[in-house]
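With numbering that gives the first Met the number 0, the residue at position 168 of the sequence shown is 167, and numbering never jumps. Heads up, the beta-carbon is just placed ideally off N, CA and C, and yes, glycines get one too.
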Amino acid sequence: MRLLFYPRICAKPVGLSGASAFTMNITPSGGSTGVQSSGASIDLASSNGVTVAAGVVTVKTLEPHRFATGNGVYLFGLTATTGLASKYNSSFTDNGNQVAWGTPGPYVVTSVPTPTSFTFAAATGQNNADVLGAPGITNFGWLTASTMMELNNNSSPMNVRHLAAMRNLPSWSKLADPEQVAVMKDFGTGVLLIRMMYPPGWGVGSRPSSGCGRQPSSSSSDRRPTSCR
0 MRLLFYPRIC
10 AKPVGLSGAS
20 AFTMNITPSG
30 GSTGVQSSGA
40 SIDLASSNGV
50 TVAAGVVTVK
60 TLEPHRFATG
70 NGVYLFGLTA
80 TTGLASKYNS
90 SFTDNGNQVA
100 WGTPGPYVVT
110 SVPTPTSFTF
120 AAATGQNNAD
130 VLGAPGITNF
140 GWLTASTMME
150 LNNNSSPMNV
160 RHLAAMRNLP
170 SWSKLADPEQ
180 VAVMKDFGTG
190 VLLIRMMYPP
200 GWGVGSRPSS
210 GCGRQPSSSS
220 SDRRPTSCR
């Protein structure tokens with residue numbers, strides 16, 4: 000599973016869909032406005048999470064994002080209904096000294112029409128009428144463990160933190176390194192609602208993976224949820 004969350008907003012549950020948009024250590028002195036780092040889960044492909052019209056790409060997010068005009072945003076985990084996802088998903092490299100996100104992207108935000116959408120100019124290979132979005136997380140059993148990797152940090156190896164899986168977690172306002180995670184609700188649409196204890200006060204960009212349980216089927220044989228990576 001992939002998760003991008005934003006700092007200081009994780010006391011409430013946030014949506015998890017399998018694709019994210021995020022910034023890399025942007026500061027006002029670097030020529031951009033807004034928070035230092037930020038991220039948000041992208042809406043499902045089945046809900047037209049990413050569309051292109053008149054040379055403008057519009058991205059819808061599940062939660063209110065914190066991007067501002069001028070921010071450089073990377074996309075990760077998209078699947079395409081029409082068009083090519085490879086023309087939108089940013090590349091990731093790790094040379095042993097540092098990790099990097101690169102082309103395609105970063106995409107410079109040109110407008111923020113709503114708290115849950117932003118736009119940027121279409122690049123080469125991003126064509127009018129393209130439709131993309133998050134693949135969704137389906138066939139989910141239950142969470143047994145989680146490994147969180149910080150996507151928006153250039154250090155190699157990537158910062159990793161293991162989280163204990165919980166059945167439920169209360170709302171909490173204290174900011175600290177997360178220790179626990181719970182799937183609060185499976186909407187059955189491909190979106191999971193998750194909550195962390197504690198809400199992270201550092202950075203953005205985590206990716207819980209290998210955290211799905213095994214769920215018995217009606218024939219009593221085990222099946223591994225296909226959303227696991």
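Should L150 be counted as a contact of the ligand HEM given a C-beta to heavy atom distance under 8 Å? The ligand HEM is absent from the structure shown, which contains no ligand whatsoever.
Per-residue burial, V108 [other beta carbons within 10 Å of its own, 16 or more giving buried]: Buried, by the Cβ-count rule.
Using a Cβ-Cβ cut-off of 6 Å (strictly less than) and excluding sequence neighbours within five positions of A18, which residues of its own chain qualify? I41, G76, L77, A133, listed in sequence order.
Minimum C-alpha distance to L168 - residue among A181, P156, A84: The candidate whose alpha carbon is nearest that of L168 is A181.
My output table needs one value for A67: the three-state DSSP class, helix, strand or coil. A67: coil per DSSP, three-state reduction.
Ignoring anything shorter than 3 residues or poking outside the segment 53 to 140, list the beta strand (DSSP E) runs there in chain order. Listed in chain order, they are 55 to 59, 71 to 75, 78 to 81, 90 to 93, 98 to 101, 110 to 113, 116 to 120, 130 to 132.
Would you report the Cα separation of K173 and T123, rounded to the nearest angstrom? For K173 and T123, the distance between alpha carbons rounds to 44 Å.
Spatial distance of S170 from E178 (CA atoms): Computed Cα separation, rounded: 14 Å.
Going by DSSP in three states, G29 sits in which element: helix, strand or coil? Here G29 scores only 44 on pLDDT, less than 50, and its place in the model is too uncertain to base an answer on.
Same chain, Cβ closer than 8 Å to A53, neighbours up to 5 away in sequence not counted: Once the five neighbours on either side are set aside, the close Cβ partners of A53 are N127.
Is it right to say D129 is buried, meaning 16 or more other beta carbons lie within 10 angstroms of its own, or is it exposed? Here D129 is buried: its Cβ has 16 or more other Cβ atoms, across all protein chains shown, within 10 Å.
If you draw a straight line from the C-alpha of S90 to the C-alpha of M196, how long is it? When only Cα atoms are considered, S90 and M196 end up about 30 Å apart.
Where S205 sits in the DSSP three-state scheme: Caution applies to S205, whose pLDDT of 32 falls short of 50 and renders its modelled position unreliable; the model cannot decide the point.
What are the boundary residues of the beta strand (DSSP E) that F186 is part of? Per DSSP, F186 lies in no beta strand (DSSP E) segment and is marked neither H nor E.
Buried/exposed call for S85, threshold 16 Cβ in 10 Å: Under this definition S85 is an exposed residue.
Mind reading off the beta-carbon distance from A121 to V56? Whole number of angstroms is fine, and I expect it under 8 Å. About 5 Å separates the two Cβ atoms, so the contact holds.
Cα-Cα separation between L61 and N94, rounded to whole angstroms: Straight-line Cα distance between these residues: approximately 33 Å.
Report yes if the C-beta distance between P114 and Y73 is below 9 Å; otherwise report no. No, they are not a contact pair.
Please report the residue range of the beta strand (DSSP E) in which A164 lies. The continuous beta strand (DSSP E) containing A164 extends over residues 159 to 165.
Within its chain, find whatever has a CB closer than 8 Å to the CB of S110; leave out the 5 residues flanking it on each side and keep chain order. Excluding residues within five positions, the ones whose Cβ falls inside 8 Å are T68, F117, T118.
Here's the rule I'm using: 16 or more other beta-carbon atoms within 10 Å means buried, otherwise exposed. How should S154 be labelled? So S154 counts as exposed.
Apart from the five residues just before and just after N88, which ones in its own chain have a Cβ nearer than 8 Å to its Cβ? By the criterion of a C-beta distance shorter than 8 Å, N88 is surrounded in its chain by L74, F75, G76, L77, P103, once the five residues flanking it on both sides are discounted.
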